[in-house]
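Visitor: Be aware that the sequence shown starts at 1, since it is given in full-length UniProt numbering, and climbs by one per residue.
Heads up, the beta-carbon is just placed ideally off N, CA and C, and yes, glycines get one too.
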Amino acid sequence: MLAFATSIRHSFRREVVRVMRRDGLLRHLMLPAFVAWLGGCALIAGGAPVPSQPPPLPTAQQRAQAARLQRDGLRAMNPPRGIPADPARASQLIEAAAELGDPDAQMLVAGSHLFRTDSGRDAAAALPWLHRAAQQGSPEAQYRLARLIEAGDGTPAEPAWAAVWFQRAAERGLPEAQFAMGLLQVAGIGTAADEAEALARIALAQRRGVAAAQRYRLALQPRVPPAQATQAAARIAAETAQGPVTPVDRPLVRFAQSALSRTGAWNRPVDGLDGPQTRAALVDFARRQGLNAAGPYDPVVIDRLRASAH
Numbered sequence: 001m002l003a004f005a006t007s008i009r010h011s012f013r014r015e016v017v018r019v020m021r022r023d024g025l026l027r028h029l030m031l032p033a034f035v036a037w038l039g040g041c042a043l044i045a046g047g048a049p050v051p052s053q054p055p056p057l058p059t060a061q062q063r064a065q066a067a068r069l070q071r072d073g074l075r076a077m078n079p080p081r082g083i084p085a086d087p088a089r090a091s092q093l094i095e096a097a098a099e100l101g102d103p104d105a106q107m108l109v110a111g112s113h114l115f116r117t118d119s120g121r122d123a124a125a126a127l128p129w130l131h132r133a134a135q136q137g138s139p140e141a142q143y144r145l146a147r148l149i150e151a152g153d154g155t156p157a158e159p160a161w162a163a164v165w166f167q168r169a170a171e172r173g174l175p176e177a178q179f180a181m182g183l184l185q186v187a188g189i190g191t192a193a194d195e196a197e198a199l200a201r202i203a204l205a206q207r208r209g210v211a212a213a214q215r216y217r218l219a220l221q222p223r224v225p226p227a228q229a230t231q232a233a234a235r236i237a238a239e240t241a242q243g244p245v246t247p248v249d250r251p252l253v254r255f256a257q258s259a260l261s262r263t264g265a266w267n268r269p270v271d272g273l274d275g276p277q278t279r280a281a282l283v284d285f286a287r288r289q290g291l292n293a294a295g296p297y298d299p300v301v302i303d304r305l306r307a308s309a310h
């Protein structure tokens, strides 16, 4: 009976992986704006990895100045009746706002690199702007960044690092990101397999309007014992976040635990909970790798874990 159940579980995961590869994970679920960005455009392979080092956050003064520039830019693009639009000035103002740190402006600049009908589409140029907006806590930017990383569009494909950003967007309330993270957990791609948590995420995504989640929920629900499903649903419901990404958050800890488990350096639950054992395992990993790290989650440690995930 156990062998039969294991065979069924592996068959289910293989089918999920097949669909994910066929559809590019969630091609049919991308946000409307992102569909417009990528519609009809080929993926751009290559480019540098998205850095583990977080981009700096703008100061309060920079944010205020950037918001004013963003508003002026939108007015130049959509002026009151009788006043002609000034696209060139709008572009200058929005780029200045993005440089100072306005996340909405950063999203617009990223879109200007991605949404092009000519041969000038440049996903690699869009990634730094998405990264900056994502670091400030924009769930849409986090999700779009994860999509590019997962697809290997403008950057090397890294499902494990994409999972970090999918989870960050999910914790900030984006149902498409919950669904994406759930599928990764079903298949064990980029993160540790966990069917109970996957079911919780997929069910939550369905309740929040992701219609395609229903078929996965119906297929997965009989496979998860009710008690486990209830516990996982409570955990996922409690995993919320707001505002900028903190230096050590659940998605980063989960990534570290998953990566350590692949190296044989972690045999405890992959739960995203930071604690002495996780930190000790990271310190030991850094020591064995000969890394000069300032702390357990130093970017040089994360970089080496990312390399080990390939």
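1. Given 8 Å as the limit, is there contact between the segment 91-109 and the segment 194-212, that is, 3 or more CB pairs closer than that?
2. Which residue marks the beginning of the alpha helix (DSSP H) containing phenylalanine 255, and which one marks its end?
3. Starting from tryptophan 266, trace the alpha helix (DSSP H) in both directions and tell me its first and last residue.
4. Since aspartate 303 is in the alpha helix (DSSP H), which residue starts that stretch and which ends it?
5. By the DSSP assignment, the alpha helix (DSSP H) with alanine 48 in it spans what residues?
6. Between which two residues does the alpha helix (DSSP H) containing aspartate 284 stretch?
7. Since I believe alanine 90 is in contact with alanine 67 (beta carbons under 8 Å), could you give me their beta-carbon distance rounded to a whole number of angstroms?
8. According to DSSP, is alanine 192 helix, strand or coil?
9. Taking the alpha-carbon of alanine 60 as reference, which of Gln136, Ala48, Ile202, Leu282 has the nearest alpha-carbon?
10. For the alpha helix (DSSP H) that contains arginine 68, what are its first and last residues?
11. Could you tell me the alpha carbon to alpha carbon distance between alanine 177 and leucine 183, rounded to whole angstroms?
Guide: Put simply:
1. Contact between the segment 91-109 and the segment 194-212 is absent, because fewer than three Cβ pairs lie under 8 Å.
2. For the purposes of this step, residue 255 is taken as the residue at position 255 of the sequence shown. For phenylalanine 255, the enclosing alpha helix (DSSP H) stretches over residues 250-263.
3. As a first step, residue 266 must be located in the sequence shown, where it is residue number 266. Segment: none, tryptophan 266 is in no alpha helix (DSSP H) and carries neither H nor E.
4. Walking along the sequence shown from the start, residue 303 turns up at place 303. In the DSSP assignment, aspartate 303 falls within the unbroken alpha helix (DSSP H) covering 299-308.
5. On the sequence shown, position 48 is the one that residue 48 refers to. Counting along the chain, alanine 48 sits inside no alpha helix (DSSP H), nor does DSSP assign it H or E at all.
6. Residue numbering aside, residue 284 sits at position 284 when the sequence shown is read from its first letter. 276-289 is the extent of the alpha helix (DSSP H) around aspartate 284.
7. Here residue 67 corresponds to residue number 67 of the sequence shown, with the count starting at 1. Here residue 90 corresponds to residue number 90 of the sequence shown, with the count starting at 1. Contact between alanine 67 and alanine 90 is absent: CB atoms are separated by about 15 Å, not below the 8 Å threshold.
8. Position 192 of the sequence shown, counted from the start, is the residue given in the question as residue 192. In the structure shown, alanine 192 sits in coil (DSSP, three-state: anything other than H, G, I, E or B).
9. Position 60 of the sequence shown, counting from 1, holds the residue named residue 60. When each option's Cα is compared against that of alanine 60, the closest is Gln136.
10. As a first step, residue 68 must be located in the sequence shown, where it is residue number 68. Start and end: 60-77.
11. Mapped onto the sequence shown, residue 177 falls at position 177. Mapped onto the sequence shown, residue 183 falls at position 183. So the alpha carbons of these two residues sit roughly 10 Å apart.
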